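S.K.:
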Amino acid sequence: MEHFETSDRAEVENYLRRNDIEFEWLTDRSLRTSATRPGVAVHPLTGEKHWFNQANLWHLSNLEQRHQERMVRLFGPDRLPTQASYGDGSPIDAEGLDRVREVLWVEAVFFPWQHGDVVVLGNSPVANGRIS
310 MEHFETSDRA
320 EVENYLRRND
330 IEFEWLTDRS
340 LRTSATRPGV
350 AVHPLTGEKH
360 WFNQANLWHL
370 SNLEQRHQER
380 MVRLFGPDRL
390 PTQASYGDGS
400 PIDAEGLDRV
410 REVLWVEAVF
420 FPWQHGDVVV
430 LGNSPVANGR
440 IS
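Numbering (the working numbering), first residue to last: 310 to 441.
1. I'd like the list of long-range same chain contacts for Glu411, defined as Cβ closer than 8 Å, with 5 residues on each side in sequence excluded.
2. First and last residue of the beta strand (DSSP E) that includes Trp360?
3. Can you round the beta-carbon distance between Thr315 and Glu331 to whole angstroms, since I take them to be within the 8 Å contact cut?
4. Going by other Cβ atoms of all chains shown within 10 Å of its Cβ, with 16 needed for buried, is Leu406 buried or exposed?
5. Just checking, does the stretch 355-364 make contact with the stretch 373-391 on the three C-beta pairs under 8 Å criterion?
6. So what does DSSP say about Val409, is it helix, strand or coil?
7. Reducing DSSP to helix, strand and coil, say where Ser316 ends up.
8. When the Cβ atoms of the stretch 384-403 are set against those of the stretch 416-425, are three or more pairs found closer than 8 Å?
9. Looking only at its own chain, which residues have a Cβ that is under 7 Å from the Cβ of Gly394, when we skip the five neighbours before and after it?
10. Suppose the cutoff is 6 Å on Cβ atoms and the five residues either side in sequence are ignored; what does the same chain contact list for Val349 look like?
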């Protein structure tokens, strides 16, 4: 519960409910959460659809193969600390997310920063400046 900066279970549960996050307290007192979110967002002004999620970051395939294998050995396939799936719970294939990662890199814009620079960007279209 350190992540939530409280030791009050009720406070954590209220936060999770308010944010439409499913949860389950496990026998070892750890917390398992799950949230279904859209994979695509619509820009409020242009109506343009764009990828706006982090499945490519949270999916097990984001790790090197040896780390993937170790995670599955340590936690089991159903208790991984992070994982992404389709909204219905079915698995996302790693090849599809590899293609997403490839497109994100191809579309990435890099520019040199100088001390004092200020950049203002629309959060959604630029994926919050994340590097995937």
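Even for Gly, the Cβ is constructed at its ideal location relative to N, Cα and C.
The structure displayed is predicted, hence computed values, not measured ones.
M.R.: Let's see:
1. Stepping through the sequence shown from its first residue, residue 411 is reached at position 102. Taken in chain order, the list of residues that qualify is empty.
2. Counting from one through the sequence shown, the residue named residue 360 turns up at place 51. It spans Lys358 to Trp360 - the beta strand (DSSP E) in which Trp360 sits, taken as one unbroken run.
3. As a position in the sequence shown, residue 315 is number 6, starting the count at 1. As a position in the sequence shown, residue 331 is number 22, starting the count at 1. No, Thr315 and Glu331 are not in contact; Cβ-Cβ is about 19 Å, not under 8 Å.
4. Position 97 of the sequence shown, counting from 1, holds the residue named residue 406. By the neighbour-count rule (16 or more Cβ atoms within 10 Å), Leu406 is buried.
5. no
6. Here residue 409 refers to the residue found at position 100 when the sequence shown is read from its first residue. The DSSP-derived three-state label of Val409 is helix.
7. Here the question's residue 316 lines up with position 7 in the sequence shown. In this structure, Ser316 counts as coil in the three-state DSSP scheme.
8. no
9. Mapped onto the sequence shown, residue 394 falls at position 85. Looking at the sequence shown, residue 394 is not Gly but Ser. Excluding positions up to five away in sequence, the list reads Pro400 and Ile401.
10. For the purposes of this step, residue 349 is taken as the residue at position 40 of the sequence shown. Lys358.
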